[in-house]
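A short worksheet on the structure shown next.
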C-alpha cells in the first residue's frame, strides 16, 4: 500500500516524463520543424499542456497533499512536498476560463506584435496589450487571494519563489543608489580607449567548431545534449537531454560565442541536477534567477575575465585569424571589446553595467501595471522619461526600440524581468566565493582548466536542485544572503580597477 | 449537447495530437538524440503510450461507441465509427498484464538480438524468442476470441485490416506457382548481360542534394516535411510534418537514392491524406500494405522504369560524373544495374523478383508459430529448407543471415511481413491502371514531369484516407480486386520483355 507521499511522487514523475516530450517538441519547433507544420504542432502541444494540467489538478492530488502533510518525511521528502504544493497551488488557483482567455489573448498579442513591432505600431499593439494586462491583473487577484501576499508577489512567485516586491524594491533602490555614478565613471574612463574591431567574415563552420570546443572545455556533456541553430537562442530540452541553440552572423563572432557560453551555463546546470532526484520536484533547478546566475556566471563573470580571454585568444586566432588580425584578437584588445560600456536602447544588446537600468525600468512599470497604479497608455511616456534620466537616450515616438522591444509582456509574463538582475547579483556573489575558495583560480582559467570551478558549482548549486530555498542556497554556497553589493564590487573592480 | 459520435471524434482528435508528439520524439530519438538520453526518452515515450492507451480504453469510449451505433451517420462518419471501433477493440482486447509482459519480453529480445545477431548466437536468441512467441500466441488467442476469426488473422488485422490467412494462402500459392519459373528464366536471360559499375566515391553532400531534388520533383512538400539521416531509414513524423530519413555510403549512391524515393512514396501519401479529415480515423492511411504500395510504386514501378532512368541519368552525371563515368551512368546501363536479379540471403537487399520468396518463407513460418504447428526450435531447419528449395542458397549454421536477420519477430510483430508483398501487388496493379489512364505517361516520366501521376494517386488513394476498405479502394482505383497477376505481368514485362 503506497503512502500519499509516494503516490504524489509517482504523479510528479509522470509529469516529468511528459515535460521531457514537451520540451523536445518545443525545441524541434524552433530548430527543425518546417514552417507549414506550425499549426498542427501548436495544437498538439496545447493538448499536452491541457493534459498535464488535468493530471496535476486532479482531485486525488489535493487529497494526497493533505494526507502527506501528516506523514513522517525526511528532509528531501519535505522539500519535494513543499515544491509539489507550490506547483499544485499555482495550477489549481486559476479558473479554467481565465487560463483559456489568457492563452488566447497572449497568443493574439504575441502574434500581432511580431509585425507591429516592425512597423512601430503602438496603437495596434496597445489595444492587445490592454487585454493581456487586464487578464494578468485578474490572475494576480486570484493568485494573491489564494496564497496571501501582494498581487505582484503572486506573479513573481511563478519565476522566483520566495522573492517579494518589498525585497526587490529595496534591492533595486540600492542598485539605483550607486549604479548611475558608477556607470558615468566607467564611460568617462573608457572614453580615451582605442579598441580594434576584428574584421570578418567569420565563417559559420569555424564559429560552430569553436563553440563546440568551448562547450566541451566548460564541461558540457555531448552524450546528453546538443548545440543547434535557432532564431532566438535558448537552452531547452530536458535535464537528461539538454538542447542549447545559437545563431551565427558571419560579420561578428562574439554574439554567438558569448551566447553559446551563456547557454552552456544553463545547460551545465540542467545536466548536473542531482541524478538520483530526477523526476522529483526537489530535483529541478531552483528558480529562474538561480538559472540565470549560472548562465551569467559563465558569460559575464568567467568569459569576460582577463584570464579567460587570455585562454581563448589563441583559439580565436586559430579559428578566424588572418594577416593583420592578430592585434585585434590579442587578449588586451579582446578585454576592451568585451567590456565596452555603451548606453543603448536595446536590453538584449546591453553590457553588464547598463543592463540593470533596463531591468529596473521594466520592473517599475510592470509593478505599476499589475497593481493598477499605471495604465497601458502611460507606458511610452514613462519609458522615455526613465531612459532619458538613466541612460540619456530618448525613445519618444520610437516604440519599436522602446516599450515594444521585448516579447515578455506580450504573453503576460509579468514578474519575469527581475530574475535577470537577480541572476547577475547571484552570479557576482558566487564568483567572489569561487575566488575566495579555489586557490589559483585565475591560473586555472588561464590554462583553460575549468574543472575546479565547475566542481564547486556542481557541489554548491547544481547538485542541490530545489532542496533549499534560494536564500538558503546562496547562504550555504557563499556565506551571505543575496546582496547587490557583490555586483557593485565586481563592476568596480572590472570597470574601474577598484580592488 | 454533443452526440456520442461527436464525443468520440473529439477523443480521437486528442489521440491524433498525442500521436504527433510521439512521432516527433521517436524521429528525434533516431536522428538527433544523443545516445546518453535514451533511457529517459524511452521512459517518457512509454508514459505517453500508457496515457494514450488509457484515453482510448476509458469506460466512456465504450459507451459512446455503443450509443453512436444507434445514431444517424453520413458515410464519412460511418467510416470513422468503423475505424474507431477497430482501434478501440484492438486496444481493449488485451489485459494490461499481457501488454506489459509483451513489452518487457519484446524489449529484452530485441535488445539482446542486436548483439546476438552479430555473434550468430541462435541459442541465446531462441531462448528470448520462445517467450515472445508464447506471449504472441496468447495475444492471438485473446484477440481472435474477441473479434472472431482465426488466430493469425487477428494479428494480421493489426496491419492489414480485412486480410485473412485464407486469402493470403491463396495469393501466395498463386505467386508460388509462377515465380520460381519466372525467376529462373530471368536469371538465365541476364546471365550474358554485361553491366558497368559506377565508381565512387559519391560524396554525401552530392547524394543529399540529388535526393532533395528528386523528392521535390516527386512532389514532396518541404514546407511540411524534412529529409534527415538515421541508421535505419524510415518515414515518420505526422501527416502535417513528415520526417523521412536515409543513410549515405560514399561507395554507392544507389542505396540512398532508391531509399529516398521509397520513403518519398510513404511521405507523399501521408502529406496528401485528406486535409479536412486529419485527426479523424478515416483520415489516416488505409493499411500497411497500401502504404507499402505507395513506396514501392515510387521505388520499383516508377524509379526503375526506363523512362525514369532516362530522366535521372544526366542528373547522376551532374552529381557524380567524372572522366570515364558517362557509360556507367548512361540510361541503358542504369537499367541493367537497377533490374539485376540475384538470389541472396538478405531480404532488405533483395531485388523485386526474388523478394516475394523472402516474404512467403517468413509468412509460412510465422503462421505455423502462431497457430502452434511449429516451435521456435524448428525455425532454422525450415528456413534452410525453403531457402535451398526456392533460391538455391543454404543458411545452415548461418543464423545471422538466416532466421536472425530481421527485427520484426524480436518484438512480436507477427503478421507484418505479408504487407510487403501485398504492397508490391497493389503497386503493380495501380501502376498498370496509371498506364492505362494517363495518356503519354512514359513521356511525362521521361521529362521528369510527375504531376499527372501524383494527381492520379492523390485522387485515387491519398485523398481517400481510410474511407473505404482496402479491397474497395483498389477496386475503385483500378477496376479490380487485389490480384497478384498484376505483379506477374509487371515482372514478365520488365524482366522478360513479355508484353
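Protein chains in written order, with our numbering: chain C, 167 to 665; chain P, 167 to 665. Where is the CB? At the ideal position from N, CA and C, for every residue including glycine.
- Contact annotation for residue 488 (chain P) against chain C: no contact, minimum CB-CB distance about 26 Å [criterion: below 8 Å].
- By the rule that beta-carbons nearer than 7 Å mark a contact, residue 396 (chain C) does not touch chain P.
- Contact annotation: residue 578 (chain P) and residue 298 (chain P) have beta-carbon atoms nearer than 7 Å.
- Residue nearest to residue 180 (chain P) within the set C:184, C:208, C:213, C:547 is C:213 (criterion: CA-CA distance).
- The C-beta of residue 191 (chain C) comes closer than 7 Å to at least one C-beta of chain P.
- Pairing residue 504 (chain P) with residue 470 (chain P) gives a Cβ-Cβ distance under 7 Å.
- Beta-bridge analysis with DSSP links residue 263 (chain P) to no other residue.
- Remark: fewer than three beta-carbon pairs, one from each stretch, lie closer than 8 Å, so the segment 234-242 of chain C and the segment 208-222 of chain P are not flagged as touching.
- Sequence-distant Cβ neighbours of residue 182 (chain C) in its own chain, meaning closer than 6 Å and more than five residues away, are 445.
- Taking a contact to require three or more Cβ pairs closer than 8 Å, the segment 575-590 of chain C and the segment 317-332 of chain C qualify as touching.
- A Cβ-Cβ contact shorter than 7 Å links residue 312 (chain P) with residue 259 (chain P).
- Residue 512 (chain C) counts as exposed, since fewer than 16 other beta carbons sit within 10 angstroms of its beta carbon.
- For residue 181 (chain C), the enclosing alpha helix (DSSP H) covers residues 170-197.
- Each of P:601, P:229, P:317 was checked against the Cα of residue 467 (chain P), and the nearest Cα belongs to P:601.
- Collapsing the DSSP output to three states places residue 395 (chain C) in a strand.
- Residues of chain C whose Cβ lies closer than 7 Å to the Cβ of residue 194 (chain P) are, in chain order, 190, 194.
- For residue 187 (chain P), the nearest CB of chain C lies under 7 Å from its own CB, placing it at the interface with that chain.
- For the pair of segments examined, the segment 607-622 of chain P was found to touch the segment 377-388 of chain P: the number of CB pairs separated by less than 8 Å reaches three.
- Under the Cβ distance rule, residue 450 (chain C) does not count among the residues neighbouring chain P, no pair being separated by less than 7 Å.
- Legend: CB atoms of the segment 196-209 of chain P lying less than 8 Å from CB atoms of chain C belong to residues 198, 199, 200, 201, 202, 203, 205, 206, 207, 209.
- Residue 448 (chain C) and residue 631 (chain C) have their C-alpha atoms some 6 Å from each other.
- DSSP places residue 412 (chain C) within a strand segment (E or B) once states are collapsed to three.
- Partner residues in the beta bridge of residue 403 (chain P), as assigned by DSSP, are P:408.
- Residues 279, 282, 283, 286, 288, 291 of the same chain have their beta carbon placed closer than 8 Å to that of residue 570 (chain P), with the five preceding and five following residues left out of the count.
- Contact of residue 276 (chain C) with chain P by beta-carbon distance below 9 Å is absent, the smallest such distance being about 21 Å.
- The beta carbon of residue 308 (chain P) is closer than 8 Å to those of 259, 260, 261, 264 in its chain, skipping five residues each way along the sequence.
- For residue 455 (chain C), the uninterrupted alpha helix (DSSP H) segment begins and ends at 454-462.
- Scanning its chain for C-beta atoms nearer than 8 Å, with the 5 sequence neighbours on each side dropped, one finds around residue 477 (chain P) the residues 611, 612, 613, 614, in chain order.
- Residue 646 (chain C) carries a coil assignment under DSSP once its states are collapsed to helix, strand and coil.
- Contact of residue 371 (chain C) with chain P is not assigned, every C-beta pair being separated by 7 Å or more.
- Here the C-alpha atom of residue 541 (chain C) lies approximately 16 Å from the C-alpha atom of residue 306 (chain C).
- Straight across, the Cα-Cα distance linking residue 653 (chain P) with residue 316 (chain P) is about 27 Å.
- When only Cα atoms are considered, residue 655 (chain C) and residue 596 (chain C) end up about 13 Å apart.
- With fewer than 16 other Cβ atoms inside 10 Å of its own Cβ, residue 413 (chain P) counts as exposed.
- Under the 7 Å criterion on CB atoms, residue 429 (chain P) is classed as non-interfacial with respect to chain C.
- Here residue 379 (chain P) is not near residue 424 (chain P), since their CB atoms are 7 Å or more apart.
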